[in-house]
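Taking numbering that gives the first Met the number 0, the leading residue of the sequence shown gets 0, the next gets one more, and so forth. Using N, Cα and C, we set each Cβ at its ideal position, and we do this for glycine too. Small disclaimer: the values here were computed from a predicted structure and weren't measured. For reference, the structure discussed in these notes is given below.
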Amino acid sequence: MPKRTLLSLAYGIALITCFLQIYELSQPGYGLYLIRVLCLLGLLVAGQIFVSEAPLAALSAVQILYMAWFCKTYGELTDFAAISPVFLYMRLPRPISRWILFGFHVAALNYAVYGQPLPWIAASNLFLLITGVLLALLRNFATTKQSADTRYDDLRKKHYELDETRNRLLLFTKQVEGAAQAEERNRISRQLHDDVGHRLIRAKMMMEAALQIIPKDQDKGMTMLLQIRDQLTSGLDEMRAAVRRMKLPEEVSGIHALGRMLEEVGRETGLRTNLTVEGNPYALYPSQELILYKNAREAVTNALKHGHPESVNIVISYKDREVCMAVSNDGALPETMPSETKGLGLTGMKERCALAGGQLDIALSPFFTITTRLPVVRHEEII
0 MPKRTLLSLA YGIALITCFL QIYELSQPGY GLYLIRVLCL LGLLVAGQIF
50 VSEAPLAALS AVQILYMAWF CKTYGELTDF AAISPVFLYM RLPRPISRWI
100 LFGFHVAALN YAVYGQPLPW IAASNLFLLI TGVLLALLRN FATTKQSADT
150 RYDDLRKKHY ELDETRNRLL LFTKQVEGAA QAEERNRISR QLHDDVGHRL
200 IRAKMMMEAA LQIIPKDQDK GMTMLLQIRD QLTSGLDEMR AAVRRMKLPE
250 EVSGIHALGR MLEEVGRETG LRTNLTVEGN PYALYPSQEL ILYKNAREAV
300 TNALKHGHPE SVNIVISYKD REVCMAVSND GALPETMPSE TKGLGLTGMK
350 ERCALAGGQL DIALSPFFTI TTRLPVVRHE EII
């Protein structure tokens, strides 16, 4: 309850009962009675000045004693004026101080009304008890409300902080995704320059040589033209494969994209494919889905090109702190360690993993397996 309201109640109870008591006094006692009422009001006003616990408790004790003496002197209606100190000491911060003074107040009130009719004594005590309990309940309610408001403000602040963090994470995700796509484009451009460009240069040189040989030896010239055709066909296939790897299909994402890719590979090559999901799938950032998809396609393309397998298996494991994708095939194993072998595209796969804070593992037993590991933060942990 606001301090001004408590002050108004204390003044109201004291002044109303003291004013009504005037009708019970003889005229010669008016002056002294008014002086004592003014002293009472002075104590009430002084109680509004102190805010620290010790002075306020001491002043409350003085006010209780003064009101007890006042009631003992004049009796009757002034017994209810003796209730006014309860509005003062109920402002104390510690409950132990409030209830000690309340007990002292009850004792002082009963001393003041001693000898009066029993109903009057009971009414005075009941009025004090009800007032004290109501003030205690109102104080607890105000404290609870203040605590709830403080927690609400803290929660609202945390909500703003989490919302800001979420926006930053989304921005960071877009930046990582853009960096991953830029890195992939750079890698593909290097591959086109090194592989396709080399084939085109070689085909150009062979074409110039064929133009010189055909007039003299047509059979040898035709053989060179067939070789040129094969070189151009291989270069065209590599270019098409590079273009297909440039972006994730727009109509699908995540596990569906991998399943769609395996279906296409199986339909085009006759390869047996299988996709297995372990754990409970959860949402990944687009950049992570892009890395998994491109690494899976790269691993399958390398398997078809170098291992000539009969089956390819992809296993995706959703764990608490990471997502793992293992791509294995039953084709021929490389003669040397993959990290030392040219042309397997492992450099680009490792670069993609490193960009997202993950790693790439390679195993040769029981089958050739490339495992992509990416750290994850679950959405419920952020919120």
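Quick check: what's the CA-CA separation for Pro-374 versus Glu-262? 28 Å
Any idea if His-307 is buried or exposed, counting beta-carbon neighbours within 10 angstroms, 16 or more meaning buried? exposed
What is the DSSP secondary structure of Phe-103, reduced to helix, strand or coil? helix
Which two residues bound the contiguous alpha helix (DSSP H) that contains Val-85? 85 to 88
My output table needs one value for Ile-315: the three-state DSSP class, helix, strand or coil. strand
Suppose you measure from the CA of Met-204 to the CA of Leu-225; what does that come to, to the nearest Å? 14 Å
By Cβ distance, which residues of its chain are closer than 6 Å to Thr-340, with the 5 residues on each side in sequence left out? For Thr-340, the predicted model reports a pLDDT of 49, less than 50, meaning its position is unreliable; a value from the coordinates is still stated below. Cβ within range, chain order: Pro-333.
Does the stretch 133 to 152 come within contact of the stretch 304 to 323, defined as at least 3 CB pairs closer than 8 Å? no
Distance check for Ala-256 and Arg-266, CA to CA, integer angstroms please. 15 Å
Could you check where the beta strand (DSSP E) with Ile-369 kicks off and where it finishes? 367 to 374
Are the stretch 96 to 111 and the stretch 56 to 64 touching by the rule of at least three beta carbon pairs closer than 8 Å? yes
With DSSP as the reference, please indicate the residues paired to Asp-360 in a beta bridge. Thr-370
Based on DSSP bridge pairs, tell me the residues matched to Cys-352. In DSSP, Cys-352 forms no bridge with anything.
Here's a check: name, in chain order, each residue in its chain whose Cβ is nearer than 8 Å to the Cβ of Ala-355, leaving out the five neighbours to either side. Val-175, Ala-179, Ser-286, Gln-287, Ile-290, Leu-373, Pro-374
Touch check for the stretch 270 to 280 and the stretch 307 to 318: three-plus C-beta pairs under 8 Å? yes
Do the CB positions of Ala-135 and Cys-70 come within less than 7 Å of each other? no
What is the DSSP secondary structure of Glu-160, reduced to helix, strand or coil? helix
Can you tell which of Leu-133, Ala-80, Gly-102, Arg-138 has the C-alpha that lies nearest to the C-alpha of Arg-90? Arg-138
If Ile-254 and Ile-315 are in contact, beta carbons under 8 Å, what's the gap, nearest whole angstrom? 7 Å
Suppose you measure from the CA of Pro-27 to the CA of Thr-72; what does that come to, to the nearest Å? Its pLDDT being 48, under 50, Pro-27 is placed unreliably by the model, and nothing is read from it.
Can you tell me whether Arg-155 is buried or exposed? The criterion is at least 16 other CB atoms within 10 Å of its CB, across all chains shown. exposed
If I'm right that Thr-368 touches Ser-327 with Cβ under 8 Å, what's the distance once you round it to whole angstroms? 4 Å
Taking buried to mean at least 16 other C-beta atoms within 10 Å of its own C-beta, is Phe-86 buried or exposed? buried
Figure out for me which residue from Leu-100, Ala-362, Tyr-151 has the closest Cα to the Cα of Leu-128. Leu-100
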